[in-house]
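Colleague: Quick note on our numbering: the sequence shown kicks off at 142 and runs consecutively.
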Amino acid sequence: MLHCGQYAHVYKCFEGDGVGKEAEENRRGSMCRSMRAVDDNRPRYAAVLRVLHSWKQLPESDVSRMLHDHYLVTDDFREMEDQGLLTMEFVGDEYIISFTLMGKVWLEQYESGKL
């Protein structure tokens, strides 16, 4: 899994007709070039923070259910907690996720286009 700002190299190979093929499939020595693939988590972070901005705190399962368009797992929330955007507290049988001041500032900057 790539984190925000990290990248992996994807290799595309082109034959004379310009049709792209996977590097593993093309073993005839045609031209290959590296392409940069970036995993940008900012839209997902913004969606989570918008929900928490409205509700202040929610169980992890409720946040995941509300944002069914995004595939969210506990590690995604832990990553956001490591960045100070939210807090997680284990209550009963699941985490309660809360909004932080840093999360509010991050969301305001994201929505104003500064991130």
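Glycine residues also receive a C-beta, built at the ideal position from the N, C-alpha and C atoms.
If we count the other Cβ atoms within 10 Å of its Cβ and call it buried at 16 or more, is Gly-244 buried or exposed?
Modeller: Along the sequence shown, one-based indexing puts residue 244 at 103. With 16 or more other Cβ atoms within 10 Å, it is buried.
Colleague: So who's on the other strand from Thr-228, going by DSSP bridges?
Modeller: As a working note, residue 228 is residue 87 in the sequence shown. Paired residue(s): Ser-239.
Colleague: The beta strand (DSSP E) that contains Leu-199, what's its start and end?
Modeller: Translated into positions along the sequence shown, residue 199 becomes position 58. 198-200 is the span of the beta strand (DSSP E), which, as asked, contains Leu-199.
Colleague: Once you ignore the five residues that flank Arg-185 on each side, which residues in its own chain have a CB closer than 6 Å to its CB?
Modeller: Walking along the sequence shown from the start, residue 185 turns up at place 44. Counting only Cβ-Cβ distances below 6 Å, and skipping sequence neighbours, we find His-211.
Colleague: Tell me where the alpha helix (DSSP H) around Asp-180 begins and ends.
Modeller: Along the sequence shown, one-based indexing puts residue 180 at 39. Element bounds for Asp-180: n/a, residue is neither H nor E.
Colleague: Taking the beta carbon of Ser-202 as the centre, do at least 16 other beta carbons fall within 10 Å, making it buried, or is it exposed?
Modeller: In the sequence shown, counting from the first residue as 1, residue 202 sits at position 61. So Ser-202 counts as exposed.
Colleague: Tell me whether Gln-147 is buried or exposed, calling it buried when 16 or more other Cβ atoms sit within 10 Å of its Cβ.
Modeller: The count along the sequence shown starts at 1 and reaches residue 147 at position 6. At Gln-147, the pLDDT of 48 sits below 50, so the modelled position is not reliable and the matter cannot be decided from this model.
Colleague: Distance check for Ala-187 and Phe-240, CA to CA, integer angstroms please.
Modeller: The sequence position of residue 240 within the sequence shown is 99, counting from 1. The sequence position of residue 187 within the sequence shown is 46, counting from 1. Using only the alpha carbons, I get a separation of about 12 Å.
Colleague: Let me know if Asp-217 comes out buried or exposed under the rule of 16 or more other beta-carbons within 10 Å of its beta-carbon.
Modeller: Locating residue 217 in the sequence shown gives position 76, where the first residue counts as 1. Asp-217 should be labelled buried.
Colleague: Rounding to the nearest angstrom, what Cα-Cα distance links Val-232 and Val-204 in this structure?
Modeller: Working through the sequence shown from its first residue, we reach residue 232 at position 91. Working through the sequence shown from its first residue, we reach residue 204 at position 63. When rounded, the distance between both Cα atoms is 15 Å.
Colleague: Along the alpha helix (DSSP H) that carries Asp-216, what are the first and last residues, could you check?
Modeller: Here residue 216 refers to the residue found at position 75 of the sequence shown. Per DSSP, Asp-216 belongs to the alpha helix (DSSP H) from 215-223.
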